[in-house]
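Chemist: I have a structure here, written as structure tokens, and I will follow up with some questions on it.
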Amino acid sequence: MRNHVNRDRIGPIRRGPSVLLLIIFLFGVPPLGGSEEDRLKTELRTEANSVVTVTLNLKETAQPIRNIGASGCWYSENIGRYWPEAKKERIAELLFSRELDASRSPRGIGLSAWRFNIGGGTAEQGQASGIRDADRRVECFLDADGNYDWSKQAGYVWFVKQAQAYGVEDLIAFSNTPPVFFTQNGYGFKTDRDVLSNLRPDKVVAFAEFLAAVVKHFDEQGLHFDYLSPVNEPQWDWSNTPGRASQEGCPWQNEEIHRLVKALDEALTKTRQNAKILLPEAARLDFLYKQDVPEADLGKSRQIAAFWSPNNPLYLGGFSHVCRYVAGHSYFTDNGDGQLLSTRRDLAQAIARTDQNLEYWQSEYCLLGNGYRDGRRGRPSEMDHALFLAKVIHHDLVVGQATAWHYWNAYEPGRASSPRYYLIALTPDSDRRDGQFAATKCLWALGHYSRFVRPGMKRLVVARSDGLSDEQAAQQVMISAFADEQTGKAVVVIVNYRDADVTLDIDATGFPASASAQKPVVYTTSATSDENMKARPLDSLDSEVVCAPRSIMTVTF
Numbered sequence: 000m001r002n003h004v005n006r007d008r009i010g011p012i013r014r015g016p017s018v019l020l021l022i023i024f025l026f027g028v029p030p031l032g033g034s035e036e037d038r039l040k041t042e043l044r045t046e047a048n049s050v051v052t053v054t055l056n057l058k059e060t061a062q063p064i065r066n067i068g069a070s071g072c073w074y075s076e077n078i079g080r081y082w083p084e085a086k087k088e089r090i091a092e093l094l095f096s097r098e099l100d101a102s103r104s105p106r107g108i109g110l111s112a113w114r115f116n117i118g119g120g121t122a123e124q125g126q127a128s129g130i131r132d133a134d135r136r137v138e139c140f141l142d143a144d145g146n147y148d149w150s151k152q153a154g155y156v157w158f159v160k161q162a163q164a165y166g167v168e169d170l171i172a173f174s175n176t177p178p179v180f181f182t183q184n185g186y187g188f189k190t191d192r193d194v195l196s197n198l199r200p201d202k203v204v205a206f207a208e209f210l211a212a213v214v215k216h217f218d219e220q221g222l223h224f225d226y227l228s229p230v231n232e233p234q235w236d237w238s239n240t241p242g243r244a245s246q247e248g249c250p251w252q253n254e255e256i257h258r259l260v261k262a263l264d265e266a267l268t269k270t271r272q273n274a275k276i277l278l279p280e281a282a283r284l285d286f287l288y289k290q291d292v293p294e295a296d297l298g299k300s301r302q303i304a305a306f307w308s309p310n311n312p313l314y315l316g317g318f319s320h321v322c323r324y325v326a327g328h329s330y331f332t333d334n335g336d337g338q339l340l341s342t343r344r345d346l347a348q349a350i351a352r353t354d355q356n357l358e359y360w361q362s363e364y365c366l367l368g369n370g371y372r373d374g375r376r377g378r379p380s381e382m383d384h385a386l387f388l389a390k391v392i393h394h395d396l397v398v399g400q401a402t403a404w405h406y407w408n409a410y411e412p413g414r415a416s417s418p419r420y421y422l423i424a425l426t427p428d429s430d431r432r433d434g435q436f437a438a439t440k441c442l443w444a445l446g447h448y449s450r451f452v453r454p455g456m457k458r459l460v461v462a463r464s465d466g467l468s469d470e471q472a473a474q475q476v477m478i479s480a481f482a483d484e485q486t487g488k489a490v491v492v493i494v495n496y497r498d499a500d501v502t503l504d505i506d507a508t509g510f511p512a513s514a515s516a517q518k519p520v521v522y523t524t525s526a527t528s529d530e531n532m533k534a535r536p537l538d539s540l541d542s543e544v545v546c547a548p549r550s551i552m553t554v555t556f
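Number 468 in numbering that gives the first Met the number 0 belongs to position 469 of the sequence shown; there are no gaps in the numbering.
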């Protein structure tokens with residue numbers, strides 16, 4: 000956007016911070032700590048450079064994007080099975096639709112991946128399951144006598160069918176625990192803190208065959224699962240006293256994972272299924288690569304080297320169904336910009352050192368830890384939550400070089416004003432067969448990526464004229480860009496973390512003439528209640544755009 004004549008302003012202009020910074024500059028302030036002083040210097044420079052030029056070149060690409068998705072766990076059952084059609088269909092539309100409304104704003108966030116939980120049978124156990132919340136107990140398609148009942152998990156399956164109907168590209172089936180009648184203690188969680196798998200050693204093959212049978216059944220029903228994830232957060236011990244457990248869960252040592260994957264690869268081959276095995280769903284990203292770990296944790300850490308280094312006895316690359324995607328969860332690696340950046344840099348380097356063909360998938364995240372407060376005082380607003388979510392997504396994609404990004408959990412009971420754990424806030428009735436729901440700002444924050452950054456696009460290298468480092472941009476303005484190399488269609492996502500406007504001039508080179516002829520559209524989410532990926536067309540690619548304070552903006556052209 001080289002011509003600066005047209006100015007298409009998105010959101011209100013706020014001059015307060017500029018005046019305050021000018022006063023500080025002219026009259027001085029008491030000495031500050033280093034980090035605060037650096038921040039103010041950056042503010043001054045950013046204010047002085049009123050226009051940030053963002054330069055993109057279609058030939059300067061980074062990693063491909065496979066999908067962006069979310070999990071539909073626990074609360075899928077009651078919503079999908081019992082809630083009125085109009086309500087549950089609107090929830091599905093919010094998650095999966097790529098349609099536009101009359102104002103040309105998105106009706107939903109167009110997820111390109113959906114995660115389906117294969118239950119362990121704790122729902123059939125009822126209160127005897129030891130899981131205190133009935134909504135977090137999950138049915139199992141198999142019973143202890145070896146009989147399958149495919150009417151189970153009907154609510155979950157309803158959402159999978161909706162995802163398929165909306166054209167969601169990738170369906171992923173994942174397991175939190177083996178069926179309870181395959182476990183050592185008869186529960187869907189551990190009661191001993193020995194961090195060994197709860198799966199009985201004589202049931203490894205049976206568990207693998209069960210997972211393969213589930214995938215095969217749904218494939219025959221026209222619901223194809225592209226990926227199968229057999230273990231989840233294997234580093235946690237998942238132990239509790241019966242009656243106090245919060246969910247299904249199972250720890251796994253690396254050797255135990257290898258044993259299971261070998262059996263699962265054989266079971267998928269035997270049933271002629273082409274689903275790929277996704278691993279290892281590490282509970283934290285640094286569990287994938289960190290060298291300095293306690294001796295007691297060695298058997299469940301350093302998973303990149305353990306599973307993808309050809310010289311390691313636990314190497315999984317020889318199994319035909321194992322995909323070359325390293326799945327990890329971004330929880331608890333977001334406490335401050337230093338940890339956010341260093342963890343993802345180290346992860347990207349560890350993957351590159353091991354195998355240039357490996358890819359990182361961020362397969363589960365919500366604002367579980369306290370990093371989302373990000374140094375701000377008082378109770379974070381709904382928009383604060385959304386901005387921090389966008390910040391983590393940005394760094395996973397740009398610094399960690401993730402090729403997929405998945406949110407946990409699509410919906411849970413709670414307030415829309417405090418969406419730490421969900422995209423859609425639920426208020427179920429007492430019998431849980433109906434209720435109310437509300438889309439949160441976190442839904443739209445994810446949508447700025449999922450709706451526009453489509454499978455097959457590649458991330459573009461971004462050059463910016465303000466010279467901000469990654470550390471500085473994390474508190475100022477984060478910019479990422481993606482494009483379809485074949486069509487030239489491009490997406491720029493801007494996360495304005497500042498309390499002031501930022502003006503952008505996007506200079507796109509190497510794009511086909513058809514791209515420059517297309518009218519760009521800006522989609523904005525801010526604290527304003529009705530500004531949720533709200534669309535506004537630009538006059539041309541020569542227009543400057545202004546991103547409002549504390550907002551998220553996606554520009555498409």
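Every residue gets a Cβ at the ideal spot worked out from N, C-alpha and C, and that includes glycine.
#1: For T45 and D465, what's the separation of their Cα atoms in angstroms?
#2: Grab me the residues of N77's own chain with a C-beta within less than 8 Å of its C-beta, minus the 5 sequence neighbours each way, in chain order.
#3: Could you round the C-beta distance between I392 and A409 to whole angstroms and report it? I think they count as a contact, below 8 Å.
#4: Using a 10 Å radius around the Cβ and a threshold of 16 neighbouring Cβ atoms, would you call K87 buried or exposed?
#5: From K40 to I478, what does the alpha carbon distance come to, in whole angstroms?
#6: Strictly by DSSP, which residues pair up with I505?
#7: Quick check on the DSSP output: what are the complete alpha helix (DSSP H) runs of length 4 or more inside the region 126-163, in order along the chain?
#8: Give the range of the alpha helix (DSSP H) segment to which C441 is assigned.
#9: Which residues in the same chain have their Cβ closer than 6 Å to the Cβ of R6, if we skip the five residues on either side of it in sequence?
#10: How big is the Cα-Cα spacing for A438 and G317?
#11: Would you call K518 buried or exposed, if buried means 16 or more other Cβ atoms sit within 10 Å of its Cβ?
#12: In whole angstroms, what separates the C-alpha of G129 from that of K189?
#13: Could you tell me how far apart the beta carbons of R463 and D498 are, in whole angstroms, since I believe they sit closer than 8 Å?
#14: Based on the DSSP output, what are the partners of W307 in its beta bridges?
#15: Name, in chain order, the residues that DSSP records as bridge partners for T60.
#16: Figure out for me which residue from S539, T553, E530 and D538 has the closest Cα to the Cα of S102.
#17: Rounding to the nearest angstrom, what Cα-Cα distance links L222 and F436 in this structure?
#18: Whether or not the region 400-408 and the region 368-377 are in contact is what I'm after, with contact meaning three or more pairs of Cβ atoms, one per stretch, closer than 8 Å; do they touch?
#19: Using a Cβ-Cβ distance cut-off of 9 Å, determine whether P105 contacts chain B.
#20: If we ignore side chains and look at the alpha-carbon of each, how far apart do G434 and A85 end up?
#21: Can you give me the Cβ contacts of S319 inside the same chain, cut-off strictly under 8 Å, excluding the 5 residues immediately before and after it?
#22: For a test of the three-state rule: what should DSSP assign to G434, helix, strand or coil?
#23: Could you pull the start and end residues of the beta strand (DSSP E) that R323 belongs to?
#24: Counting along the chain, where does the alpha helix (DSSP H) carrying E168 start and finish?
#25: Do you know offhand how far F481's Cα is from Q246's?
#26: For V230, is the classification buried or exposed, using 16 other Cβ atoms within 10 angstroms of its Cβ as the cut-off for buried?
#27: Using CA atoms only, rank isn't needed, just tell me which of N175, D506, A61 and N146 is closest to N116.
#28: For the beta strand (DSSP E) containing L467, name the first residue and the last one.
#29: Excluding sequence positions up to five away, which residues of its chain have a Cβ less than 6 Å from the Cβ of K440?
#30: Helix, strand or coil: how does DSSP classify A281 here?
#31: With respect to the beta strand (DSSP E) encompassing F115, which residues constitute its N-terminal and C-terminal limits?
#32: So, do the region 284-293 and the region 238-256 have three or more beta carbon pairs nearer to each other than 8 Å?
#33: Which runs of the alpha helix (DSSP H), 4 residues or longer, sit entirely within the region 209-274?
#34: I'd like the ranges of any alpha helix (DSSP H) spanning at least 4 consecutive residues and lying wholly in the region 87-112.
#35: For Q234 and I256, what's the separation of their Cα atoms in angstroms?
#36: Rounding to the nearest angstrom, what Cα-Cα distance links I171 and A91 in this structure?
Modeler: So, from the listed chains and residues:
#1: Because the pLDDT of T45 is 46, which lies under 50, any placement of that residue in the model is unreliable, and the number read from its coordinates should be weighed accordingly. Looking at the two C-alpha atoms, the distance is approximately 7 Å.
#2: D134, G154, P427, R431 and R432
#3: Between A409 and I392 the Cβ distance is about 16 Å, and since that is not below 8 Å, they are no contact.
#4: Buried is the call here.
#5: Unreliable positioning characterises K40 in this predicted model, as indicated by a pLDDT of 43, which lies under 50. A coordinate reading is not provided.
#6: Beta-bridge pairing links I505 to V53.
#7: Runs found: none.
#8: K440 to S449
#9: Confidence in R6 is poor, its pLDDT being 32 and thus under 50, which makes the residue's placement unreliable; the coordinate value appears in the next sentence. Excluding positions up to five away in sequence, the list reads E543.
#10: 44 Å
#11: exposed
#12: 10 Å
#13: With a Cβ gap of about 20 Å, R463 and D498 do not count as contacting.
#14: DSSP output for W307 lists no bridge partner at all.
#15: L459
#16: E530
#17: Rounded to the nearest angstrom, the two C-alpha atoms are 27 Å apart.
#18: When C-beta atoms of the region 368-377 are compared with those of the region 400-408, fewer than three pairs fall below 8 Å, so the two segments do not count as touching.
#19: Among the chains of the structure shown, chain B does not appear; only one protein chain is present.
#20: 12 Å
#21: D264 and T268
#22: strand
#23: V321 to H328
#24: Per DSSP, E168 belongs to no alpha helix (DSSP H) and is neither H nor E.
#25: 37 Å
#26: buried
#27: N175
#28: Careful: L467 lies outside any beta strand (DSSP E) and carries neither H nor E.
#29: Taken in chain order, the residues that qualify are E381, M382 and A385.
#30: strand
#31: A112 to I117
#32: Fewer than three beta-carbon pairs drawn from the region 284-293 and the region 238-256 are found closer than 8 Å, and the two stretches are therefore not classed as touching.
#33: 253-269
#34: Runs of the alpha helix (DSSP H) inside the region 87-112: none found.
#35: 11 Å
#36: 17 Å
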